[in-house]
Each structure stands twice: as structure tokens, then as C-alpha cells.
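Structure record follows, encoded as C-alpha cells.
Numbering (this note's numbering), first residue to last: 376 to 751.
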């Protein structure tokens, strides 16, 4: 049993069965992030996930129940028949309208005035279901009486809460068509995150920084919250704090422009045999590099970005060698990385001082998890 915002018990739809495992839910988590970004833009007042639906959004006290349904492979698409079809995995006597996609979306939930339902799909649906299509944040066009009645007929027998009927739910149904893959949805989230990070930092973020922030929001915050015992409903302030924490952890910069000491760098260097005093010096060099990077403009900023990309590529090669068993974790991996940096033409010619290149390596190490400890 789950409680609503007021603490009253709410009966879940039969297919919910409690909080679900997150394995294979990357697409849904990426879509959830878009809804959270919409909330920061003022579209919602609260967002939760794995609650009464895959995603539950509120405008004030009015719920919008959002269910994510993806299809894999070419030639497949959702239609009215498909979303109203009873679950074929159930026993024959249990194959009722309640087990269909729309049945599970409509039943078992409070249905106050203003409620809406969203079926989120990753492909263009068939013509009949496409009549319900809308763009993110916008209203859809009216549905033809024939298609409306078609859905009502196929869902005949549903028992709904608050004395609502099937037609009432159908009139409040939207179909939101998102990108085909989770990577494409993440690309959209990345596009929207970039100006937010820029505004927070007061200058242009590195592409790698936006990627790390995106990763933290999806895999660490949304993914982990979805696996917890109870759903948490995030307000605008809640999620803004989550966003700012992610930016601060990735960039080391607070909203006031100050630099946050990244205590994890010393821990990440310890498996490589780096003594505490040396790790502290690397930490200070990293902060100096970050300050210089933040204040640089034009050609100098491009030069630093190119240097970071080259050293990150060296780190990727080292990681690949570790995964392949060519070098060991810990000190061997660190030694191979440093030696490769020493061999960089820019370093050999002293165009880039070795101290600067190693500061970049420290910056990259601080952003990664267990770079020298294991092969993850």
C-alpha cells in the first residue's frame, strides 16, 4: 500500500507491484530528467518517479500520470488496438482491459478534476493513436469521435475511481513522442543542461563537465531514488538543489564562484601508491589549473580544452589496457598514464610544461571513479 501526498492510502494498479528494479530503465530515467528540467522551467510544481506511475508530475495538487512504453526494432509501432490489448502473458481468465497499457494507466489512482494522462512512446504511433499526439509542454488537437469511441469500446468494463468513466480518461489522454533511443533523449537533456550549467558557472562549461553532470543526475540521483523503498516527490527547490550539487561535485565550483576542495582526489590516488603529501600537492595544482581554465578566454581556452581532450584520451587508452589485462591496476596503471603524458610532443618540446599536463591529469582523475583502483 502506498500513500498519497496527504497520507491517505492509495491502491496501485495491479501491474505496479511495488517499486521496481532499475535494470534496463535507462530510457525512462532519461525521460524523467527531461520532466525534471521542465519543472525547473516552471511547467510542473512536483515530479516523482516509480510512484503511482512511471513518472508522476503535479501542477499544484493536480496529477499528470505518465507511463513510458518503448518498442524495439523496425516496423513496430503502437496503435489503439495495441495499447488497449490485454496482457497476453496473463492467464486467459485474467486477460482483461485492466491489464492493457491504457487500463493500467487509468485505474487505481485518484482522479481529481484537471487530471491528465500521458503515454510516452519512442516512435511515431499508428494513425489512430497519433490523433492523441502532442509536443512536450503543449496541448494536443481534438481527437475524432470515431477514434475516441474506439478506445472506449476496447476498454469497456474498467472500474475507475472518483466516479469517472472511460470517456473522461480518454478525453484527458496525451501521447508524447520522444526520441528513439536513450542516447538521443540524453542528447536533448544535454542540450538543455548546457545553458543551465553556463548560468551557474558564469562561463562556458566544458563538454566533459556537462556529460558528467548528466551522468550524475540520471544514474546516481534518478536511478538510485527509483530503487528506494518509497517514492520521493521533488519540488522545484529540491531538484534545483540536486542540480547545483551535481555541478559543484563535477566542477568543484560553488555558485558564489568559490572552489570546493575535492577531498576524493587523495582517495583515488592512494591505490596508485601516491603518498598523502604528494596527493595534496596534486590537489592544489588541480585547483590552480581549474582557476586558470575558468578565467581563460578565446585561443587560450581552446588550447586548454584541446590539452584536456588529449590527456583524457590517454586515460582512455590506459583504461582499455587494464580491461584487457595488459597492465595492472594501481601503480602500474598510474605509471603508464604519466609516462604517456611525458611522451606527448607538447610536453617533450616544453610547449606545455609537464606540471601543467599533470595538473590536467589530476583534474580528470578527480572526475572519475576508481580510475587506478580497478578496471571500471
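All C-beta atoms in this analysis are idealised placements derived from N, C-alpha and C, irrespective of residue type, glycine included.
In this text the structure is predicted, and so the values were computed from the model without any measurement.
- Secondary structure note for residue 444: it is in no alpha helix (DSSP H), and the uninterrupted beta strand (DSSP E) holding it is 437-444.
- Shown here, residue 462 sits in coil according to DSSP, grouped into three states, outside any helix or strand.
- The three-state secondary structure of residue 421, taken from DSSP, is strand.
- Per DSSP, the unbroken alpha helix (DSSP H) holding residue 723 starts and ends at 720-723.
- In the structure shown, residue 400 falls within a coil segment according to DSSP collapsed to helix, strand and coil.
- Residue environment analysis places residue 506 among the buried positions, since at least 16 neighbouring C-beta atoms fall within 10 angstroms of its C-beta.
- At the C-beta level, residue 566 and residue 591 stay beyond 8 Å of one another.
- Taking the CA atoms as reference points, residue 432 sits about 48 Å from residue 649.
- Counted as a single uninterrupted DSSP element, the beta strand (DSSP E) harbouring residue 495 occupies residues 491-496.
- Of the candidates 706, 715 and 675, the residue whose Cα lies closest to the Cα of residue 643 is 706.
- With a 10 Å radius around the Cβ and a threshold of 16 neighbouring Cβ atoms, residue 661 comes out buried.
- Our two residues, residue 689 and residue 445, have alpha carbons roughly 37 Å apart in a direct line.
- In the displayed model, residue 740 falls within a helix according to three-state DSSP.
- Taking a C-beta distance under 8 Å as the contact criterion, residue 472 and residue 535 do not qualify as a contact pair.
- Nearest in C-alpha terms to residue 711, of all of 465, 700, 519 and 693, is 693.
- With respect to the C-alpha of residue 734, the residue from 665, 615 and 482 having the closest C-alpha is 665.
- Ranked by Cα distance from residue 678, the first of 696, 721, 656 and 645 is 721.
- By the C-beta criterion, the region 545-559 is judged to be in contact with the region 486-505, since at least 3 inter-stretch pairs fall below 8 Å.
- Here residue 604 carries a coil assignment [DSSP, helix/strand/coil].
- Excluding its 5 nearest sequence neighbours in each direction, residue 430 has C-beta neighbours in its own chain below 6 Å: 407, 410, 424 and 441, listed in chain order.
- If you look at residue 547, you'll find it isn't in any alpha helix (DSSP H); DSSP assigns it neither H nor E.
- Shortest Cα-Cα distance from residue 729 to any of 475, 483, 716 and 741 involves 716.
- Look at the beta carbons and you see the region 488-504 not touching the region 567-576: under three pairs across the two are nearer than 8 Å.
- Per the Cβ contact rule, the region 517-534 is in contact with the region 477-496 (3 or more Cβ pairs under 8 Å).
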